[in-house]
Amino acid sequence: MSENIEIKENGSTNPGYSSTDPDEEKKPNSIKRKVSYNEEVDTAPNGIAVEIPDEASSRLLFKTSDTPPIHLLLFFALQQMLMSLSGTLGVTLIASNVICASNDEEFVTYMLSSALFSNGICTILMNLIGVRLPLYQGAYGGYIIPLLALMEVDPDKCKIRPSTDLFKAQNSTNTSIIFNEEAEMRNLVVKNMSELQGCLMLAGVIHALIGATGLIGVLLRFIGPVTVVPAILLLGIYVVDPILDFCVPNWGIAILVSAVGFILAFYLENYNMPIPAWSPKGGCRIIRYPLHQVFAILISIIIGWIASWIITEAGGFTDNKLDKGFKARTDARLSGIDAADWFIFPYPGMHGPVSYSTPVFLGFLTATFLSILDSIGDYYACASMSLVPPPPQHAVNRGIMVEGIGTIISGAIGASQATTTYGGNIGAIGVTRVASRSVFVVCGILYMVLGVLGKLSALIISIPYPVLGGSLITMMGMFVGVTLSNLRSVSLTSTRNLAVIGMSIMVGLIIPQYVKRFGSDIDTGNSDVDFSLKGLLGNPVFVCGVLACFLDNTVPGNLEDRGIAAWQSDEEVEESNTTSMKYMEGKEIYEIPLPPKVKQWHGWKYVPFMPAPKQKKRERSLSDLKEKKNRFCKCNVM
Numbered sequence: 001m002s003e004n005i006e007i008k009e010n011g012s013t014n015p016g017y018s019s020t021d022p023d024e025e026k027k028p029n030s031i032k033r034k035v036s037y038n039e040e041v042d043t044a045p046n047g048i049a050v051e052i053p054d055e056a057s058s059r060l061l062f063k064t065s066d067t068p069p070i071h072l073l074l075f076f077a078l079q080q081m082l083m084s085l086s087g088t089l090g091v092t093l094i095a096s097n098v099i100c101a102s103n104d105e106e107f108v109t110y111m112l113s114s115a116l117f118s119n120g121i122c123t124i125l126m127n128l129i130g131v132r133l134p135l136y137q138g139a140y141g142g143y144i145i146p147l148l149a150l151m152e153v154d155p156d157k158c159k160i161r162p163s164t165d166l167f168k169a170q171n172s173t174n175t176s177i178i179f180n181e182e183a184e185m186r187n188l189v190v191k192n193m194s195e196l197q198g199c200l201m202l203a204g205v206i207h208a209l210i211g212a213t214g215l216i217g218v219l220l221r222f223i224g225p226v227t228v229v230p231a232i233l234l235l236g237i238y239v240v241d242p243i244l245d246f247c248v249p250n251w252g253i254a255i256l257v258s259a260v261g262f263i264l265a266f267y268l269e270n271y272n273m274p275i276p277a278w279s280p281k282g283g284c285r286i287i288r289y290p291l292h293q294v295f296a297i298l299i300s301i302i303i304g305w306i307a308s309w310i311i312t313e314a315g316g317f318t319d320n321k322l323d324k325g326f327k328a329r330t331d332a333r334l335s336g337i338d339a340a341d342w343f344i345f346p347y348p349g350m351h352g353p354v355s356y357s358t359p360v361f362l363g364f365l366t367a368t369f370l371s372i373l374d375s376i377g378d379y380y381a382c383a384s385m386s387l388v389p390p391p392p393q394h395a396v397n398r399g400i401m402v403e404g405i406g407t408i409i410s411g412a413i414g415a416s417q418a419t420t421t422y423g424g425n426i427g428a429i430g431v432t433r434v435a436s437r438s439v440f441v442v443c444g445i446l447y448m449v450l451g452v453l454g455k456l457s458a459l460i461i462s463i464p465y466p467v468l469g470g471s472l473i474t475m476m477g478m479f480v481g482v483t484l485s486n487l488r489s490v491s492l493t494s495t496r497n498l499a500v501i502g503m504s505i506m507v508g509l510i511i512p513q514y515v516k517r518f519g520s521d522i523d524t525g526n527s528d529v530d531f532s533l534k535g536l537l538g539n540p541v542f543v544c545g546v547l548a549c550f551l552d553n554t555v556p557g558n559l560e561d562r563g564i565a566a567w568q569s570d571e572e573v574e575e576s577n578t579t580s581m582k583y584m585e586g587k588e589i590y591e592i593p594l595p596p597k598v599k600q601w602h603g604w605k606y607v608p609f610m611p612a613p614k615q616k617k618r619e620r621s622l623s624d625l626k627e628k629k630n631r632f633c634k635c636n637v638m
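So for the sequence shown, UniProt numbering puts the first residue at 1; every next one is plus one.
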């Protein structure tokens, strides 16, 4: 005999659902879960566990607040770590070229260890304190562009001055002091790194203040997709030169890695790989899972590395260190492994005191604004993928604030770049159907452990250059493509929008080329001002972003066509548009776990990154109302 009960779904009721319907057991997508999303209700009124066929719930194996079993937790965390490792590696090696450390494997090992360690800290903070969504914080390449622009302005930045190159000094005892080129090069690298660190920390302070003060809403009034897309597009285009430097040692390996990664990720997108599995209940069996798609970049790197090793052992690569093909060898950078320490503990000031450079800081400031806008889009994408409501404004503010704090940490311990949200890990949630915050917390812990293991970091940076170049082709190609997808909210039939985007991109390409070829024309009489102007005008992201923002806000156009209306956060509109969506959890996931008394502090309503205290409804009895009426009457009589 079936017993009819009412099932509560997002505030609505579905009468007549049979909890013992025999046909329900045959549905493969029906899984057990809570009847109501309210914290007070866990089961049906009669205490029977109800099995609800819900398409939304069948899409996730673990919700945001769930914690998988320890063995699955470690596997999922390792998976997220491995798929994002190549991005941090690529940005770090590009940054090492920018600060003139490409031939100093020991220093690059320190850079990578610091980057991995800061990635782990920032990921943990973002999941526990920040926006509290399952997000990974990785190295952001946007901060490398200003440094590349400065290298264009000063091509001899990494060359030791001829006046000191062959210098021999005589001391008082007439003994020759031979110039130490290696030591001088290390001093130059440390000097460049100290400037980068100081500017990175200062940009992080501004980044954190924007989130802490709630200025994001003000930014979104003036900056929209028409401003952001051209700027980020040039960011992807401008890294062509460093990627080319990685590919040049051997184009065959680079093309192999890029092709394998692209084929696994897209041509085999609809193919599920057979994988042997075992469980106590099911025993040995074969499961289907798109493992090749999740680890497409990592698998392509491994295949390219093996191919390079085979060719190296067969004598196919030159052993002349001055030849460009030498860096395709797998043993070209093995000396860094011997020189690296077993354990490296990144700490503030490990490279000495920090310094400041105005051109570098202004370039970092531009990258900061782009990073903020990019992260906001990732927050909403992650919420949609995790089947939770869109993040409220206080959660977004807190997430941006934590990213700024992460940037300060990165600069302090010697990482070469800030951190930002990685969209690739968000996409992996849809593939793995695991949206657990605990997975990303453990992922952050694994990154911290990896950053401490110096020998392992040195092994990672020994990757042959063409292998890295091929993987960067695929990753940056996807980056540019994803950037263009932000134009979906913009009216591309509007001549006004097309003109603003096209003009901004064209000027953003022309001005840096002019500075590169005719930089001597910029002469204000002050060398510091000249260098700052050359650094800013040579930065395509800065030129394109400023011009696009100016044109987008001065040329007449409505908010809908400009795409700003779709970017502005209006919680009431979001709730009205998404009430029919089936969320697996409510907005309570965005609240920081604090004691109830602390949460009810009235001062939180003045803090932009904290939720306002919930107002308790006071229940008044009839006697209370009569007493109040009597007091009112007595006052009138008097």
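For each residue, glycine too, the CB sits at the ideal point set by N, CA and C.
No experiment lies behind these values; they were computed from the predicted model shown.
Segment limits, alpha helix (DSSP H) that includes residue i
i, result
"glycine 142", "Unbroken run through glycine 142: none, as it is neither H nor E."
"threonine 121", "Reading the sequence as shown, one finds isoleucine at residue 121 and not threonine. Segment 105–128, the alpha helix (DSSP H) holding isoleucine 121."
"threonine 92", "70–98"
"valine 239", "First-last for valine 239: undefined, no H or E at that position."
"methionine 193", "181–212"
"asparagine 558", "Looking at the DSSP string, asparagine 558 is not in any alpha helix (DSSP H), and its letter there is neither H nor E."
"threonine 483", "465–484"
"glycine 352", "Premise fails: glycine 352 is in no alpha helix (DSSP H) and is neither H nor E."
"valine 490", "Careful: valine 490 lies outside any alpha helix (DSSP H) and carries neither H nor E."
"serine 410", "393–413"
Extent of the continuous beta strand (DSSP E) run through residue i
i, result
"isoleucine 286", "283–289"
"threonine 419", "419–421"
Straight-line Cα distance separating residue j from residue i
i, j, result
"leucine 484", "glycine 477", "11 angstroms"
"tyrosine 136", "isoleucine 592", "18 angstroms"
"phenylalanine 107", "proline 69", "39 angstroms"
"serine 371", "isoleucine 310", "41 angstroms"
"aspartate 561", "isoleucine 263", "36 angstroms"
"aspartate 374", "isoleucine 223", "12 angstroms"
"asparagine 272", "isoleucine 306", "25 angstroms"
"threonine 432", "glycine 377", "21 angstroms"
"glutamate 403", "aspartate 319", "44 angstroms"
"alanine 612", "histidine 207", "23 angstroms"
"proline 392", "arginine 398", "10 angstroms"
"serine 172", "isoleucine 124", "Residue confidence is low: serine 172 scores 48 on pLDDT, short of 50, so the model does not pin down where it sits. Its coordinate-derived value is still stated next. In a straight line, the C-alpha of serine 172 is about 57 angstroms away from that of isoleucine 124."
"isoleucine 145", "leucine 533", "15 angstroms"
"alanine 381", "glycine 430", "11 angstroms"
"valine 354", "valine 529", "21 angstroms"
"serine 386", "serine 489", "22 angstroms"
"lysine 597", "phenylalanine 266", "51 angstroms"
"leucine 492", "proline 225", "12 angstroms"
Pair within 8 angstroms by beta-carbon distance, residue i and residue j
i, j, result
"residue 654", "glycine 138", "With the chain covering 1 to 638 only, the question about residue 654 has no answer from this structure."
"histidine 586", "proline 389", "The sequence given here places glycine at residue 586; histidine does not occur at that position. Cβ atoms of glycine 586 and proline 389: closer than 8 angstroms."
"glutamate 181", "serine 335", "no"
"threonine 109", "glycine 349", "no"
"tyrosine 447", "leucine 116", "yes"
"alanine 395", "arginine 132", "yes"
"asparagine 425", "glutamine 80", "yes"
"proline 290", "isoleucine 501", "no"
"leucine 234", "glycine 423", "no"
"serine 258", "isoleucine 473", "yes"
"valine 260", "serine 300", "yes"
"leucine 82", "valine 439", "no"
"threonine 407", "leucine 200", "yes"
"serine 118", "alanine 415", "yes"
"arginine 333", "isoleucine 243", "no"
"glycine 470", "cysteine 247", "yes"
Own chain partners of residue i with C-beta closer than 8 angstroms, once the 5 adjacent residues on each side are dropped
i, result
"tyrosine 140", "Val91, Ala367, Ser371, Gln417, Ala418, Thr419 and Thr420"
"leucine 459", "Ile337"
"tryptophan 278", "Cys284 and Arg285"
Proximal residues to residue i (C-beta, below 6 angstroms), its chain only, five neighbours per side dropped
i, result
"leucine 536", "Leu362 and Phe542"
"leucine 450", "Leu116"
"alanine 565", "Leu559"
Residues that DSSP places opposite residue i in a beta bridge
i, result
"methionine 273", "Tyr289"
"valine 434", "Phe62"
"alanine 453", "Inspection of the sequence shows that residue 453 is occupied by leucine rather than by alanine. Partner(s): Phe343."
"alanine 278", "This sequence places tryptophan at residue 278; alanine is not what is there. Beta-bridge pairing links tryptophan 278 to Cys284."
Sequence-distant residues of the same chain with beta carbon closer than 7 angstroms to residue i, five excluded per side
i, result
"glycine 325", "Pro249, Asn250, Phe317 and Thr318"
"threonine 227", "Gly545, Ala548, Cys549 and Asp552"
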